[in-house]
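Numbering (this note's numbering), first residue to last: 149 to 369.
Notes for the one structure printed next.
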Amino acid sequence: MTLVTSATNNTTPGATTSNAATSKLTADFNLFLKLLTTQMQNQDPMNPTDSSQYTQQLVQYSQVEQSIQQNKTLTTMLSTMNMQSLTQNSSMIGQTVEIDSDMAAVSASRPAQWNWIATNSVTGMTATILDSKGNKVDTRTFEATGTSGTFSWDGTTKDGKKLDPGIYRVALSGVNAAGAAIKARPSATGIVDNVQMINGAPVVSLNDAQYPTSLITRIQK
């Protein structure tokens, strides 16, 4: 599963490429015209240069310019579609969402939160917390009943050590009344703080963690 942890440059790549290509084409074309004018002024009137090669070059410049203009049009359309998507997804700000990811963020003001679903009814759960490098940093056992519930962790280990804010992963396992192991699947949850476009895709921020909207499985008002 994909988890976006930091924003990137939101400049549309197509726009930058088109502008650079247009500038280069203009410079090359101006140089071509300057050389053509100079050569025509200094050519031998009795033995003029064949103009067919210049005509062919002009046609090529025209074709390239048309391609660049078409790319500009497509880039503009893409920007418009991105803005529409951003506007639509902004309605999620302030709402609680569930994310198809076992990773969540601990911030200075809020704990990491997960919902969980078990394959069968449980009487207890064990949560193993891993850092961004996959190292186990904490283990918690808590009471649980039924086949679903919630778990939160504020970055404090069972030994009382306060860990740095950041992204953490949780692995959950349950037990039933007979002591048999029950599988459980976590899903990150939290309030949407903001929505932005990253690399052309809408992304929501929950407690300093960023997720593609494609990972959202539920929205609660």
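Yeah, the Cβ is synthetic: ideal placement off N, Cα and C, and Gly gets one too.
Pick from 279, 358, 246, 249 that is closest to residue 346, judged by C-alpha positions: As a position in the sequence shown, residue 346 is number 198, starting the count at 1. Nearest of 279, 358, 246, 249 to residue 346, Cα basis: 358.
Nearest-angstrom Cα separation, counted from residue 214 out to residue 284: For this step, residue 284 is matched to residue 136 along the sequence shown. For this step, residue 214 is matched to residue 66 along the sequence shown. Looking at the two C-alpha atoms, the distance is approximately 57 Å.
Which of helix, strand or coil DSSP assigns to residue 257: Working through the sequence shown from its first residue, we reach residue 257 at position 109. The answer is coil: DSSP assigns residue 257 none of H, G, I, E or B.
Three CB pairs or more closer than 8 Å across the stretch 285-300 and the stretch 348-356: no
Cβ-Cβ separation, residue 321 to residue 263 (assumed contact under 8 Å), whole Å: As a position in the sequence shown, residue 263 is number 115, starting the count at 1. As a position in the sequence shown, residue 321 is number 173, starting the count at 1. Not really, about 16 Å apart at Cβ, beyond 8 Å.
Boundaries of the beta strand (DSSP E) in which residue 305 is found, first to last residue: For this step, residue 305 is matched to residue 157 along the sequence shown. Neither: residue 305 is in no beta strand (DSSP E) and is coded neither H nor E.
Beta-carbon proximity list for residue 369, same chain, < 7 Å, skipping 5 on both sides: As a first step, residue 369 must be located in the sequence shown, where it is residue number 221. Cβ neighbours of residue 369 beyond the five flanking positions: 243.
Cβ pair count under 8 Å reaching 3, the stretch 269-278 against the stretch 308-324: yes
Where residue 268 sits in the DSSP three-state scheme: By one-based count along the sequence shown, residue 268 stands at place 120. Residue state, collapsed to three classes: strand.
Residue environment, residue 338, which counts as buried when at least 16 other CB atoms sit within 10 Å: Within the sequence shown, the letter at position 190 stands for residue 338. The Cβ neighbour count for residue 338, taken over all protein chains shown within 10 Å, is at least 16; the residue is labelled buried.
Candidates 182, 250, 311, 295, of which the one nearest residue 365 by Cα: The residue labelled residue 365 in the question sits at position 217 within the sequence shown. With distances taken between Cα atoms, residue 365 lies closest to 250.
Collapsed DSSP secondary structure at residue 278 in the structure displayed: What you label residue 278 is simply residue 130 of the sequence shown in a count that begins at 1. If DSSP states are grouped into helix, strand and coil, residue 278 belongs with the strands.
Pairwise C-alpha distance: residue 280 and residue 307: Your numbering for residue 307 matches position 159 in the sequence shown. Your numbering for residue 280 matches position 132 in the sequence shown. If you draw a straight line from the Cα of residue 307 to the Cα of residue 280, it comes to about 20 Å.
Identified DSSP bridge partners for residue 285: As a position in the sequence shown, residue 285 is number 137, starting the count at 1. The partner list for residue 285 (beta bridge, DSSP) is empty, contrary to what the question assumes.
Where residue 331 falls: helix, strand or coil (DSSP): The residue you call residue 331 lines up with position 183 of the sequence shown. In the structure shown, residue 331 sits in a strand (DSSP, three-state: E or B).
Residue 267 versus 207, 310, 341, 333, residue with shortest Cα-Cα distance: Taking the sequence shown and counting its residues from 1, one reaches residue 267 at position 119. Per the Cα distances, 333.
Reduced DSSP secondary structure (H/G/I, E/B, other) of residue 368: The residue labelled residue 368 in the question sits at position 220 within the sequence shown. Reduced to three states, the DSSP call for residue 368 is strand.
Reference residue 260, options 298, 238, 237, closest by Cα: Looking up residue 260 in the sequence shown gives position 112. The candidate whose alpha carbon is nearest that of residue 260 is 298.
In DSSP terms, what residue 207 is bridged to: On the sequence shown, position 59 is the one that residue 207 refers to. Partner(s): none; residue 207 has no beta bridge.
Simplified DSSP assignment, three categories, for residue 175: One-based indexing of the sequence shown puts residue 175 at position 27. Reduced to three states, the DSSP call for residue 175 is helix.
Contact under 8 Å by Cβ, residue 318 with residue 277: Your numbering for residue 318 matches position 170 in the sequence shown. Your numbering for residue 277 matches position 129 in the sequence shown. The answer is yes: Cβ separation under 8 Å.
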